[in-house]
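Accompanying notes for the structure given below.
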């Protein structure tokens with residue numbers, strides 16, 4: 002065997018081993034990510050400041066990862082324009098509308114009701130194989146006669162419109178009766 006071809010054979014074996022090692026590392030990483038997702042490592046901690054305070058839901062997130070019908074209450078907020086969404090209409094009274102919203106939400110993929118009171122509803126939405134959690138809140142605002150809404154990702158810094166799309170889907174289902 003000529004010396005040049007022997008050198009290429011050794012180099013080829015080395016490259017093959019490097020490729021095998023890289024593939025093994027990628028496979029192990031994928032398994033670890035999948036296990037982490039199943040154990041809720043990508044869910045994020047439950048926010049302790051959800052609900053209403055002084056007639057307001059929590060402000061929008063500081064990153065483009067939430068929507069809020071009360072974003073206008075925070076004129077200097079850096080995400081006010083991105084987060085602004087219209088409140089939901091009340092049909093048949095606030096508590097009745099929240100009950101309808103609860104039933105609508107329960108029919109959506111990944112939804113789990115975390116809290117349901119006559120004037121407030123908190124729904125968790127678990128999405129994708131990473132099992133990321135979004136918190137969606139609905140509050141009957143008796144002074145305005147509407148359902149105020151806030152939906153935010155727990156961990157993502159950008160939601161690519163997912164929270165807005167979900168709220169608009171809920172709005173359409175509510176309007177459809």
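Numbering (the numbering used here), first residue to last: 2 to 178. Even for Gly, the Cβ is constructed at its ideal location relative to N, Cα and C.
query: If I follow the unbroken beta strand (DSSP E) through residue 68, where does it start and stop?; result: 67-69
query: Work out the CA separation of residue 102 and residue 139 for me, nearest whole Å.; result: 8 Å
query: According to DSSP, simplified to helix, strand and coil, what is residue 91?; result: coil
query: Taking 6 Å as the limit between beta carbons, can you name the residues of its chain near residue 116, skipping five residues before and five after?; result: 123
query: Within the present structure, is the beta-carbon of residue 154 separated from the nearest heavy atom of the ligand NAD by less than 7 Å?; result: Among the ligands in the structure shown, none appear at all, so the ligand NAD cannot be discussed.
query: Could you pull the start and end residues of the alpha helix (DSSP H) that residue 82 belongs to?; result: 81-84
query: Checking the sheet assignment: what are the DSSP bridge partners for residue 123?; result: 116 and 138
query: Taking C-beta to C-beta, are residue 148 and residue 68 nearer than 8 Å?; result: no
query: Could you compute how far the alpha carbon of residue 144 sits from the alpha carbon of residue 71?; result: 13 Å
query: CA-CA distance, residue 48 and residue 19?; result: 44 Å
query: What residue from 10, 57 and 162 has the CA that sits closest to residue 88's CA?; result: 57
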